[in-house]
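Protein chains: 2
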Amino acid sequence: MVSHPPSPVLVNPRAERVKAVRALARRSVRERTGLFLAEGPQSVREAVRCQPGLVRDVYVTADGQARHPEIVETARAAGLFVHECSDEVLAAMCDTDAPQGLLAVCRVVTTSLEDLLAEAPRLLLVLTNVRDPGNAGTVLRGADAAGADAIIVSDNSVDVFSPKVIRSTAGSVFHLPVVTGIPVPEILTALEATGITTLAADGAGAMLVGDAPLAGPHAWIMGNEAWGLEPAVRDACDHVVRLPIYGRAESLNLAMAATLCLYESARVQRA
Amino acid sequence: MVSHPPSPVLVNPRAERVKAVRALARRSVRERTGLFLAEGPQSVREAVRCQPGLVRDVYVTADGQARHPEIVETARAAGLFVHECSDEVLAAMCDTDAPQGLLAVCRVVTTSLEDLLAEAPRLLLVLTNVRDPGNAGTVLRGADAAGADAIIVSDNSVDVFSPKVIRSTAGSVFHLPVVTGIPVPEILTALEATGITTLAADGAGAMLVGDAPLAGPHAWIMGNEAWGLEPAVRDACDHVVRLPIYGRAESLNLAMAATLCLYESARVQRA
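Residue numbers (our numbering), protein chains in the order written: chain H, 16 to 286; chain V, 16 to 286.
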């Protein structure tokens, strides 16, 4: 890719550069290149503001520039390459239909479990076997709001850097460390060895969240959105904890359950 | 429609009956007929179990019957018409690609605001200008889990009986009363006249949820998922309340915010 600004306005939606960006919607291409797409003003703003070191290129249309001058300004001030492009070029690069004139290509950076645990985290979320991108992204946003120290995503889960997950995080992927690709047993063993209490979130849990030991360092372990936690994983956790259901709903969805658990933790830890 | 069981297995996806069911995916047809679609085992189970009086017809494939015999049994025990149909017929009737072999056609029944308020509710959720079906349905599910007495949906909102909302409620639409189609000012006036405190949920609120008066009867007033509450609505409420954001997320999404507010209310009211 060209790296000497100012570059001319990109107008050819069939250019190799455009195809290369668009290809980042595919997991195999993300894994090979170590790059991912951040689409739309919210994601691009958080990328250039919080993690400019991860941003490789910013693409903006005339409309995007007019609507969000402060994002473009922040990107330029951080020394980033801001490429102007036509609406057609941006549309051809994006996974979504409505990118609102802004796109960033960013480097994937994950944290190792070892490095994370060396930081003495007090509140963690572990996603196991999560498959729905929207759910995963919303959970990440909720964990960010609740002030979790990091998210750990097990090896059999959705790719956190897929465009749909990134959109659903609303920028939160640039706010907190993400650990990916580790088998669940290995995660639990490492947490235990570090003195972090593991709490399996399960609607059939014997312990109500209000009775759970939330004052010390702990991790919430969440299962698949449809079938929940694997029994072996649930049994390996220190406690199996349920949220109260006051009405007649059978359960809460994954994002709501994770956010309620983490907010309860934050309430207790910050009291 | 035929109403004398046992009916033969429906195998023609181009039959008038099939087209009439499928047409219920359209708002205009729902409004004209007063009927809506409940798709999939979770919705159909809650319909036949909790609101059999609203169920007009149940459609099931051989596979749906084999996988969920208890739902079909409950429907038959309630005297409902259960029609067997081919996979092609069910697919032609449904809005979704994966109805999992079960569909119910139900009558729309909403509650009047007057009747609802006569029941002295203690915890209500008011959705104003909510447009995203998935969000609206998830909110309804969260309100059900939190034990809210009812949901009030303002006139400028998504149709609660659209297939996508109903799917996202995971059956909760059959659990709690829904009031629809009323302008927001009228809702607020009626709540005030009944002594129900109105709490505008707004990220810029001066009052933290932990300081809000949640012990008495109150209603949470939620705005649009993208642009929040209209200023005039916000100003007309008794308090403007925000959830704490402990991390760097700009906000929570509508479903998470509503569920967190309602759970905090439930915690206080049931203490």
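Backbone N, C-alpha and C define an ideal beta-carbon position, used for all residues, glycine too.
Alpha carbons only, please: which of H:Gly68, H:Met108 and H:Pro114 is nearest the one belonging to H:Ala93?
For this step, residue 93 of chain H is matched to residue 78 along the first sequence. Nearest of H:Gly68, H:Met108 and H:Pro114 to H:Ala93, Cα basis: H:Gly68.
Closer than 8 Å at the beta carbon, the chain V residues around H:Gly220
Stepping through the first sequence from its first residue, residue 220 of chain H is reached at position 205. Result: empty, since nearest Cβ-Cβ is about 15 Å, beyond 8 Å.
Those runs of the alpha helix (DSSP H) which lie wholly inside the region 48 to 91 of chain V and span at least 4 residues
55 to 65 and 77 to 82
Counting only beta-carbon separations shorter than 9 Å, does V:His83 have a partner in chain H?
As a first step, residue 83 of chain V is located in the second sequence; it is residue number 68 there, counting from the start. So no, V:His83 is outside the interface.
Between the alpha carbons of H:Gly162 and H:Gln66, how many angstroms are there, rounded?
For the purposes of this step, residue 162 of chain H is identified with residue 147 of the first sequence, where counting begins at 1. For the purposes of this step, residue 66 of chain H is identified with residue 51 of the first sequence, where counting begins at 1. Cα to Cα, the separation comes out at about 18 Å.
Strand pairing of H:Glu99, partner residues [DSSP]:
Numbered from 1 along the first sequence, position 84 holds the residue referred to as residue 99 of chain H. Note: H:Glu99 sits in a beta bridge opposite H:Val75.
Applying the 10 Å Cβ sphere with the 16-neighbour rule, what's the burial state of H:Ser177?
The residue given as residue 177 of chain H occupies position 162 in the first sequence. Its Cβ being crowded by 16 or more others within 10 Å, H:Ser177 is buried.
Identified DSSP bridge partners for H:His190:
For the purposes of this step, residue 190 of chain H is identified with residue 175 of the first sequence, where counting begins at 1. DSSP lists no partner for H:His190.
Among the candidates H:Phe189, H:Gly210, H:Gly186 and H:Val173, whose CA atom is the shortest distance from the CA of H:Gly196?
As a working note, residue 196 of chain H is residue 181 in the first sequence. Comparing Cα-Cα distances from H:Gly196 to each of H:Phe189, H:Gly210, H:Gly186 and H:Val173, the minimum goes to H:Val173.
Residue range of the alpha helix (DSSP H) that V:Cys276 falls in?
Looking up residue 276 of chain V in the second sequence gives position 261. Leu269 to Gln284 is the span of the alpha helix (DSSP H), which, as asked, contains V:Cys276.
Starting from H:Ala247, trace the alpha helix (DSSP H) both ways and give me its first and last residue.
Counting from one through the first sequence, the residue named residue 247 of chain H turns up at place 232. Where H:Ala247 is concerned, the enclosing alpha helix (DSSP H) stretches over Pro246 to Ala251.
What does V:Arg146 reach in chain H if we use C-beta pairs closer than 9 Å?
Start at 1 with the first residue of the second sequence, and residue 146 of chain V comes out as number 131. Ordered by position in chain H, no residue passes the 9 Å Cβ test against V:Arg146, which lies about 14 Å from the chain.
Roughly how many angstroms lie between the CA atoms of H:Arg71 and H:Pro114, to the nearest whole one?
The residue labelled residue 71 of chain H in the question sits at position 56 within the first sequence. The residue labelled residue 114 of chain H in the question sits at position 99 within the first sequence. Those two C-alpha atoms are separated by around 18 Å.
Is the number of C-beta pairs between the region 22 to 38 of chain H and the region 95 to 102 of chain H that are closer than 8 Å three or more?
yes
Nearest to V:Ser127 by alpha carbon, out of V:Val255, V:Asn171, V:Val194 and V:Leu269?
Here residue 127 of chain V corresponds to residue number 112 of the second sequence, with the count starting at 1. It is V:Val194 whose Cα lies nearest to the Cα of V:Ser127.
Hey, is H:Arg263's beta-carbon within less than 9 Å of any beta-carbon in chain V?
Here residue 263 of chain H refers to the residue found at position 248 of the first sequence. For H:Arg263, the answer is yes, since a Cβ of chain V falls inside 9 Å of its Cβ.
When the Cα atoms are used, what is the spatial distance from H:Val188 to H:Leu155?
The residue labelled residue 188 of chain H in the question sits at position 173 within the first sequence. The residue labelled residue 155 of chain H in the question sits at position 140 within the first sequence. The straight-line gap from Cα to Cα measures roughly 7 Å.
Along the chain, which unbroken stretches of the alpha helix (DSSP H) at least 4 residues long are found entirely within the region 117 to 198 of chain H?
128 to 133, 148 to 160 and 178 to 184
Endpoints, alpha helix (DSSP H) assigned at V:Arg32:
Residue mapping note: residue 32 of chain V aligns to position 17 of the second sequence, counting from 1. Note, V:Arg32: alpha helix (DSSP H), Glu31 to Arg37.
Between H:Leu138, H:Ala227, H:Asp226 and H:Asp170, which lies nearest to H:Ala281 when the distance is taken from Cα to Cα?
Within the first sequence, residue 281 of chain H is the residue found at index 266, counting from 1. Ranking the options by Cα distance to H:Ala281, first place goes to H:Leu138.
Going by the CB atoms, is the gap between V:Val120 and V:Phe51 shorter than 9 Å?
Taking the first residue of the second sequence as position 1, residue 51 of chain V is located at position 36. Taking the first residue of the second sequence as position 1, residue 120 of chain V is located at position 105. Cβ atoms of V:Phe51 and V:Val120: closer than 9 Å.
Tell me whether H:Asp217 is buried or exposed, calling it buried when 16 or more other Cβ atoms sit within 10 Å of its Cβ.
Translated into positions along the first sequence, residue 217 of chain H becomes position 202. So H:Asp217 ends up on the buried side.
Give every residue of the same chain whose Cβ lies closer than 8 Å to the Cβ of H:Thr111, excluding the five residues on either side of it in the sequence, and list them in chain order.
Your numbering for residue 111 of chain H matches position 96 in the first sequence. The residues are Glu54, Gly55, Pro178 and Arg182.
Whose CA, out of H:Leu258, H:Ala272 and H:Glu245, lies closest to the CA of H:Asn144?
Locating residue 144 of chain H in the first sequence gives position 129, counting from the first residue. For H:Asn144, the nearest C-alpha among the options comes from H:Glu245.
Below 6 Å CB to CB, which residues in the same chain sit around H:Ala251 once its five sequence neighbours on both sides are set aside?
The residue given as residue 251 of chain H occupies position 236 in the first sequence. Same-chain partners within the cutoff: Leu203.
V:Ala205 by DSSP, collapsed to three states: which one?
Within the second sequence, residue 205 of chain V is the residue found at index 190, counting from 1. In the structure shown, V:Ala205 sits in a helix (DSSP, three-state: H, G or I).
At a CB-CB cut-off below 8 Å, which residues of chain V make contact with H:Asp159?
Here the question's residue 159 of chain H lines up with position 144 in the first sequence. Correct list: Gly262, Arg263 and Ala264.
Let's see if you can read the secondary structure: which residues bound the beta strand (DSSP E) around H:Val255?
One-based indexing of the first sequence puts residue 255 of chain H at position 240. His254 to Arg257 is the extent of the beta strand (DSSP E) around H:Val255.
May I ask you to list the residues that DSSP assigns as paired with H:Leu223?
Counting from one through the first sequence, the residue named residue 223 of chain H turns up at place 208. The partner list for H:Leu223 (beta bridge, DSSP) reads H:Arg257.
With H, G and I counted as helix, E and B as strand and the rest as coil, what does DSSP make of V:Leu105?
The residue given as residue 105 of chain V occupies position 90 in the second sequence. Helix.
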